[in-house]
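When we follow numbering that gives the first Met the number 0, the leftmost residue of the sequence shown carries the number 0, and every step to the right adds one. Below is one structure, written out as structure tokens, with a few remarks after it.
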Amino acid sequence: MSAFFDNIPMLLIIAGFAAGFIDSIAGGGGLITVPALLLAGLSPVESLGTNKLQSLFGSTSATIAYAQKGHVNLKKQLPSAFMSFLGAVAGALLAGFLPGDVLRAFLPVLLIAIALYFALKPNMGDIDRAHRMTPFLFGLAIVPLIGFYDGVFGPGAGSFFMLSFVSLAGYGLLKATAHTKLLNLASNLGGFATFAFLGVINWKVGLCMGVAQFIGARVGAGLAMKNGAKIIKPLLVIVCLALATKLLLDPSNPIRLWLATLL
């Protein structure tokens, strides 16, 4: 068994654990793992494919943890999870034909808006509120749309699920977090299946990171269930702002290029 882990940089193992921990609470684990995979020498497309493999372990671990404590009914969520899966498959297949620059330009703005929403909205806690959309319509329209985005681009998908559950479905933060994980698992599975079909996954690296992800997600989910909104809200705000900052600092980001032309 030890030979299997040979030549796997410790950086990737640590990144997998940290991503699983953060992702199980607030999403945004790809903010850690994708740059780590690139630093380890994987190509961009192989990094994305391998990231989907290892993230499956984290989202599965978190989903199981929340379900075992009764925070999510997996059977009731299966239709929505299926829609998330289909959306991600469609997004991954069409990724090469869609304007990625448009997504990279608007995503930081959307993430900052999400951070401000959760930071400034009063009475944001674990108590459910009145929903603005029926569960059927939510699963039919919103879920596959976010799944599609996860397949096309990916960063921030968990935050978008969280925002939708809180603002449209009326869920409290802990319940929204628990339900987000199953849908994120389904969209990860859809993206993973597509990347596996295309043959762009480093299986050894992905599986090693996946073990660390599984453990990290278990620890993070336990902490979230113990502390609820007290830890979910600030970490969600921090992750959204960190992801937005990372995207804005990317030299290829259209917003930076546009500002450079003005200056």
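All C-beta atoms, glycine included, are put in the ideal place defined by N, C-alpha and C.
*Determine the DSSP secondary structure at Leu30, reduced to helix, strand or coil.*
Looking up residue 30 in the sequence shown gives position 31. Correct three-state label for Leu30: helix.
*Please report how far the alpha carbon of Ala185 lies from the alpha carbon of Gly90, in whole angstroms.*
Position 186 of the sequence shown, counting from 1, holds the residue named residue 185. Position 91 of the sequence shown, counting from 1, holds the residue named residue 90. Between Ala185 and Gly90, the C-alpha separation is close to 13 Å.
_contact_flag[the segment 207–226, the segment 5–22] where n(CB pairs < 8 Å) is 3 or more_ = yes
_Val199 in three-state terms, based on DSSP_ = Mapped onto the sequence shown, residue 199 falls at position 200. Coil.
*Spatially closest choice to Gly189 from Lys51, Ser46, Ala35 and Gly227, by CA coordinates*: Here residue 189 refers to the residue found at position 190 of the sequence shown. Of the listed residues, the one whose Cα sits closest to Gly189 is Lys51.
*Going along the chain, which unbroken runs of the alpha helix (DSSP H) with 4 or more residues stay wholly within the segment 128–181?*
142–151 and 156–166
*Quick one: grab the DSSP three-state call for Ile113.*
On the sequence shown, residue 113 is found 114 positions in, with the first residue counted as 1. The answer is helix: DSSP assigns Ile113 an H, G or I state.
*Unbroken alpha helix (DSSP H) run spanning Asp22, endpoints*: The count along the sequence shown starts at 1 and reaches residue 22 at position 23. Taken as a continuous stretch (DSSP letters only), the alpha helix (DSSP H) holding Asp22 covers Met9 to Ile24.
*asked:* For a quick check, are the C-beta atoms of Arg297 and Leu172 less than 8 Å apart?
replied: Since the first residue of the chain shown is 0 and the last is 262, residue 297 is not available in this structure.
*Counting only the same chain and skipping the five closest in sequence on each side, list residues whose C-beta sits under 7 Å from that of Met0.*
Along the sequence shown, read from residue 1 onward, the residue named residue 0 stands at position 1. Note that Met0 has pLDDT 43, beneath the 50 cutoff, so the model's placement of it is unreliable and no number is given.
*asked:* So for Gly40, helix, strand or coil by DSSP?
replied: As a working mapping, residue 40 is identified with position 41 in the sequence shown. Note: Gly40 maps to coil in three-state DSSP.
_Tell me the residue span of the alpha helix (DSSP H) that contains Pro233._
As a first step, residue 233 must be located in the sequence shown, where it is residue number 234. It spans Ala228 to Leu248 - the alpha helix (DSSP H) in which Pro233 sits, taken as one unbroken run.
*Does the segment 113–120 come within contact of the segment 147–165, defined as at least 3 CB pairs closer than 8 Å?*
yes
_If contacts are defined as beta-carbon pairs under 8 Å, then Val238 and Gly27 qualify, I think. What distance do you get, rounded to the angstrom?_
As a working note, residue 238 is residue 239 in the sequence shown. As a working note, residue 27 is residue 28 in the sequence shown. That belief holds up - the Cβ atoms of Val238 and Gly27 are roughly 4 Å apart, short of 8 Å.
*Who are the Cβ neighbours of Leu144 in its own chain at under 7 Å, not counting the five residues just before and after it?*
As a position in the sequence shown, residue 144 is number 145, starting the count at 1. Counting only Cβ-Cβ distances below 7 Å, and skipping sequence neighbours, we find Gly86.
*Is Asn50 helix, strand or coil when you go by DSSP?*
What you label residue 50 is simply residue 51 of the sequence shown in a count that begins at 1. Three-state DSSP puts Asn50 in a helix.
*asked:* Nearest by alpha-carbon distance to Val33: which of Ile24, Ala25 and Ser54 is it?
replied: For the purposes of this step, residue 33 is taken as residue 34 along the sequence shown, with counting starting at 1. Checked all of Ile24, Ala25 and Ser54; the closest Cα to Val33 is Ser54.
*What residue does the alpha helix (DSSP H) around Gly86 start on, and which one ends it?*
For the purposes of this step, residue 86 is taken as the residue at position 87 of the sequence shown. Run containing Gly86: Leu73 to Leu93, per the alpha helix (DSSP H) assignment.
*Excluding the 5 residues preceding and the 5 following Val236 in the sequence, name in chain order all residues of the same chain whose CB lies nearer than 7 Å to its CB.*
Within the sequence shown, the letter at position 237 stands for residue 236. Closer than 7 Å at the Cβ level, and outside the excluded window around Val236, lie Ala114, Phe117 and Ala118.
*Compare the C-alpha of Leu139 against each of His178, Ala192, Met82 and Phe191 and name the closest.*
For the purposes of this step, residue 139 is identified with residue 140 of the sequence shown, where counting begins at 1. Comparing Cα positions, the closest option is Met82.
*Apply the 10 Å Cβ neighbour rule to Gly40 and answer buried if 16 or more other Cβ atoms are within range, or exposed otherwise.*
Against the sequence shown, residue 40 aligns to sequence position 41. Gly40 comes out exposed.
*Take Lys225 as the anchor and find which of Lys245, Arg255, Thr176 and Leu11 has the nearest alpha-carbon.*
What you label residue 225 is simply residue 226 of the sequence shown in a count that begins at 1. Of Lys245, Arg255, Thr176 and Leu11, the residue nearest in Cα terms is Thr176.
*Buried or exposed: which applies to Pro250, given that a residue is buried once 16 or more other Cβ atoms fall within 10 Å of its Cβ?*
Counting from 1 along the sequence shown, the entry for residue 250 is found at position 251. Counting Cβ neighbours within 10 Å, Pro250 comes out exposed, since fewer than 16 surround it.
*Rounded to the nearest angstrom, how far is the Cβ of Thr49 from that of Ile200, given a contact under 8 Å?*
Counting from 1 along the sequence shown, the entry for residue 49 is found at position 50. Counting from 1 along the sequence shown, the entry for residue 200 is found at position 201. That pair is a contact at about 5 Å.
*Is DSSP giving Gly69 helix, strand or coil here?*
To locate residue 69, count along the sequence shown from 1; it is residue 70. It is coil, neither helix nor strand.
*Is the beta carbon of Ala66 less than 8 Å from the beta carbon of Leu73?*
The count along the sequence shown starts at 1 and reaches residue 66 at position 67. The count along the sequence shown starts at 1 and reaches residue 73 at position 74. Contact flag set, yes.
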